[in-house]
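Student:
Chains as they are written, first to last, in my numbering: chain R, 319 to 463; chain P, 103 to 194.
1. If I measure Cβ to Cβ from residue 171(P) and keep anything under 7 Å in the same chain, skipping five residues before and after, which residues do I get?
2. Taking the CB atoms as reference points, tell me whether residue 359(R) and residue 327(R) lie closer together than 9 Å.
3. Which chain P residues are close to residue 375(R), counting only those with a beta carbon under 9 Å from its beta carbon?
4. Note down, in chain order, all residues in the segment 373-399 of chain R with a beta-carbon under 8 Å from any beta-carbon belonging to chain P.
5. Could you compute how far the alpha carbon of residue 354(R) sits from the alpha carbon of residue 452(R)?
6. Of all the options 456(R), 450(R), 416(R), 395(R), which has the alpha carbon lying nearest to the alpha carbon of residue 122(P)?
7. Which stretch, first to last residue, makes up the alpha helix (DSSP H) that contains residue 169(P)?
8. Quick one: list the residues of chain R neighbouring residue 122(P), beta-carbon separation under 9 Å, in chain order.
9. Residues in the same chain with beta-carbon distance under 8 Å from residue 120(P), minus the five sequence neighbours each way, listed in chain order, please.
10. Hey, residue 385(R) and residue 349(R): beta-carbon distance below 9 Å or not?
11. Give the single residue among 440(R), 449(R), 448(R) whose Cα lies nearest to the Cα of residue 459(R).
12. Taking Cβ to Cβ, would you say residue 397(R) is nearer than 9 Å to residue 454(R)?
13. Just reading off the beta strand (DSSP E) that residue 364(R) is part of, what are its end residues?
14. According to DSSP, is residue 146(P) part of a helix, a strand, or is it coil?
15. Give a single yes or no on whether residue 402(R) has its beta carbon closer than 8 Å to a heavy atom of the ligand NAD.
16. So, for residue 389(R): in the same chain, excluding its five sequence neighbours on each side, which residues have a beta-carbon less than 8 Å away from its beta-carbon?
17. Which runs of the beta strand (DSSP E) at least 3 residues long sit entirely within the segment 111-163 of chain P? Give them in chain order.
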């Protein structure tokens with residue numbers, strides 16, 4: 319299983335993290351699931367971080383944005399395949415908060431570390447299993463040129 | 103009346119792999135009730151043991167959060183769409 323993403327879209331989400339630094343950015347990955355469980359990203363949808371109380375280390379996507387994105391994706395035969403956010407001056411690894419707040423089993427959670435305003439590393443993790451036993455699994459990111 | 107419910111990716115394994123399910127209802131509560139009657143495996147993923155929506159599950163009628171309408175008692179029209187979206191949040 320892997321997350322396939324065009325280089326231009328990967329750069330778009332990494333740049334989003336630089337633009338919002340020192341705050342966390344966030345957004346939605348729209349695309350398609352393949353029968354083997356892999357995902358192909360076809361669009362990156364930047365969202366606002368509504369955690370204005372602590373945007374430097376927390377993010378929250380307004381559910382109304384998710385509703386709109388999910389509806390438009392389904393109407394065009396696509397799907398929400400994952401989400402992304404940044405970790406300002408922190409490694410591109412999921413945190414306990416990331417896991418506790420993750421509820422989209424089967425989807426990718428892409429994290430970019432942004433050090434001193436520059437995007438450094440981007441990793442992806444797939445959320446697995448039911449809510450009570452959920453966990454992240456490292457996921458290969460295949461970048462298409 | 104028939105009304106559409108959009109099912110998010112993580113709940114589809116419990117909903118016959120469908121992304122859109124049509125139910126019969128006059129209110130949002132009836133719609134969700136009909137949904138879990140048709141797909142019983144969905145119930146524990148949507149509702150806690152006390153029958154309330156799980157804290158991370160958002161339900162929208164078109165573009166409005168039902169918590170700011172009349173919750174379960176919110177009336178629905180045939181042209182309405184109900185969306186279920188688990189929350190997306192986190193941080194380092």
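All C-beta atoms in this analysis are idealised placements derived from N, C-alpha and C, irrespective of residue type, glycine included.
No experiment lies behind these values; they were computed from the predicted model shown.
Tutor: Reading it off the structure:
1. Hits under 7 Å: 163.
2. It is a contact, given that the beta carbons lie within the stated cut-off.
3. Close partners of residue 375(R) in chain P (Cβ separation under 9 Å): 193, 194.
4. Under the 8 Å Cβ criterion, the segment 373-399 of chain R contributes 375, 376, 377, 378, 379, 381, 382, 384, 385, 386, 388, 389, 392, 397, 398, 399.
5. So the alpha carbons of these two residues sit roughly 20 Å apart.
6. Measuring from the Cα of residue 122(P), the nearest candidate turns out to be 395(R).
7. Element bounds for residue 169(P): n/a, residue is neither H nor E.
8. Chain-order list of chain R residues neighbouring residue 122(P): 392, by C-beta distance under 9 Å.
9. Leaving aside the five residues that flank residue 120(P) on each side, the residues in its chain whose CB is nearer than 8 Å to its CB run, in chain order, 109, 114.
10. Their beta carbons are not under 9 Å apart, which means residue 385(R) does not touch residue 349(R) by this criterion.
11. Selected option, being the one with the closest Cα: 440(R).
12. Residue 454(R) is positioned such that its CB atom lies no closer than 9 Å to that of residue 397(R).
13. Run containing residue 364(R): 357-365, per the beta strand (DSSP E) assignment.
14. It is helical.
15. As for the ligand NAD, it is missing from this structure, which has no ligand bound.
16. Excluding positions up to five away in sequence, the list is empty.
17. As far as the segment 111-163 of chain P is concerned, its whole beta strand (DSSP E) runs of at least 3 residues are 122-126, 159-163.
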